[in-house]
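In our numbering, the protein residues as written are 664 to 1121.
For glycine and all other residues, C-beta sits at the position ideal for the given N, C-alpha and C.
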Amino acid sequence: MFIFLIKLKKRFKKWGIIMKKRKKKLPIGLSDFKEIIEYDYYYFDKTKFIENILEDRSKVKLFTRPRRFGKTLNISMLKYFFDVKNKDENRKLFEGLNISKSEYFEKQGEFPVISISFKNYNKNDWESGFKSIKSTISDIYAKFEDLMEHLNKRELKKFEDIWLEKDEGDWEKSLLNLTKYLYNYYGKKVVVLIDEYDQPIINSYIKDYYNKIIDFFKNFYGAVLKDNEYLEMSIMTGILRVAKENIFSGLNNIKVHSILNKQFTEYFGILENEVEEALIKDFNLEYDLLDVQKWYNGYLFGDIKVYNPWSIINFLDEKRLEAYWVNTSGNGLIKLYLQKLKDEIFDDFSKLLNKESVLKRVNDSMTFENLEANFEKNIWNLFFHSGYLTLAEKYDGNREEIYLKIPNEEILKMFSEMFIEVYFKNYEIFSDMTFALKNGNIEKFKFELNKILLENTG
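Written out as structure tokens, the structure reads:
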């Protein structure tokens, strides 16, 4: 049968009939590594990330990247690789991928893994927020309920308090205690994965209960990450390196990999050669690569140019050059500070919209404390680390200031609309006014312009 198919394929080629390769499904909105591999979704192979993680022996690593740049998928990939539970089944997920060719493939399935995510945290106050946090931790405990029969009476009480979401539970030490239970059961140290660690902190800042949430997470993260004898290593992801002096107080074993660093850059975002292969070879799209670059490239992380993964995947699916990333949720903090500083940053903001660069000071140690202390200076750090601005030139750590720019057409479109909303308050009125002007309806234009002037007077 196989020989027959080969001959048939050659005859089709001779007759001018092209047998098209079946295009893989695109993982729109999917971030579970196992689901993507098992259901044969299109996957940009980032599994060499595992090898680099193992070569880097730092105990706790924090990767800060903008939202939807592959952080959650990478955390999921690490979970399935390291987890001792279902190790043989999970091993099949990595067959044929880059890591399977590495000497580090022998580390597959070697450790108990705790994987927790705060990605979907969104609460208006601390009371409902703490309830949500307890529910998230309780769900993690539920995955290990078979441990209960191996615990002593005291440990069992502590386990059940968390598992059943009781108020008297030791929530601040809940992850620390779970690492102990797993270590005692497996006889192996534990890998702790924490996805979007800062989402509750950012959310609480926007909703004005930041100080209440800081105390909890300072103890929660500190307990499991600092001097934990049961910890093999921890990988954390987030958008910002927030409140180091509070959240990670006394934690001297953490290594931060921000968008200013060269190491690990290729694993968050899609590289030029990956985009080119997807466009031309895998999806047969005839779009000019320069047009795709113009819309979705422009990010300079360290010294490597990367594309926005969310936008590229949606573009491959929709086959239209549109704004995809900016239409997802997560712009709340940006809008908040644009509104607060609209007068102070008007000139610089105007330059950016005119595709010019602005000279600003950026670093990877921004905190909400120093953001509050100097809004005008530190808002550029916020824009930069959140992915709304990028380096206009390669980063030089010896310089205090560097030129920043809007990375691409997608962000330019978003900022243009946001500029109108912030400075003219009503985007719909502005849109009606410009539409009337383009179509020569002068009376309509005057009418809408008067409304804008009235709204912005006084």
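Note on geometry: alpha-carbon atoms of D945 and F732 lie some 21 Å from one another. Taking C-beta separations shorter than 8 Å and ignoring five residues to either side along the sequence, the partners of L827 in its chain run S801, following chain order.
By the C-beta criterion, the region 709–725 is judged to be in contact with the region 919–939, since at least 3 inter-stretch pairs fall below 8 Å. Cα atoms of S974 and Y987: separation of roughly 5 Å, rounded to the nearest angstrom. With a contact defined as Cβ atoms closer than 8 Å, S765 and I738 miss out at about 19 Å. By the criterion of a C-beta distance shorter than 7 Å, E937 is surrounded in its chain by F707, once the five residues flanking it on both sides are discounted.
About 18 Å separates the beta carbon of R904 from that of L1067, a gap too long to meet the 8 Å contact definition. Annotation for K797: E828 and W834 place their beta carbon closer than 7 Å to its own, counting only its chain and skipping 5 residues before and after. For E895, the enclosing beta strand (DSSP E) starts and ends at L894 to G901.
The distance from the Cβ of P775 to that of V747 is about 5 Å, consistent with a contact at the 8 Å cut-off. The three-state secondary structure of L693, taken from DSSP, is coil. Between V853 and Y893, the gap from beta carbon to beta carbon is short of 9 Å. The Cβ-Cβ distance between K742 and F807 does not fall below 9 Å. Taking 9 Å as the cut-off, the Cβ atoms of I922 and F964 count as close. Shown here, V1025 sits in coil according to DSSP, grouped into three states, outside any helix or strand. Straight-line spacing of the CA atoms in N785 and E1063 works out to 35 Å. Comparing C-alpha distances from D1011 to each of N1026, L999, E981 and I1042 shows the shortest one belongs to I1042.
With respect to V1025, L888 sits apart: the two C-beta atoms are not nearer than 9 Å.
According to the DSSP assignment, K968 belongs to the beta strand (DSSP E) that extends over I967 to V969. The residue from L838, L689, I857 and K686 with its alpha-carbon nearest to that of T735 is I857. DSSP places V854 in the strand class (E or B) of the three-state scheme.
With a threshold of 16 other beta carbon atoms within 10 Å, F1078 meets it and is buried. When the five nearest sequence neighbours on each side are left out, the beta carbons in the same chain lying within less than 6 Å of the beta carbon of L689 are those of Y705, I976, L979 and D980, in order along the chain. Exposure of H813 is indicated by the presence of fewer than 16 other C-beta atoms within 10 angstroms of its C-beta.
Closest in alpha carbon position to K782, among D703, D871, E758 and N866, is N866. For I917, the enclosing beta strand (DSSP E) starts and ends at I917 to H920. Between the beta-carbon of G901 and that of T727 there is about 6 Å, and that keeps the pair under the 8 Å contact cut. The bridge partners DSSP lists for D719 come to none.
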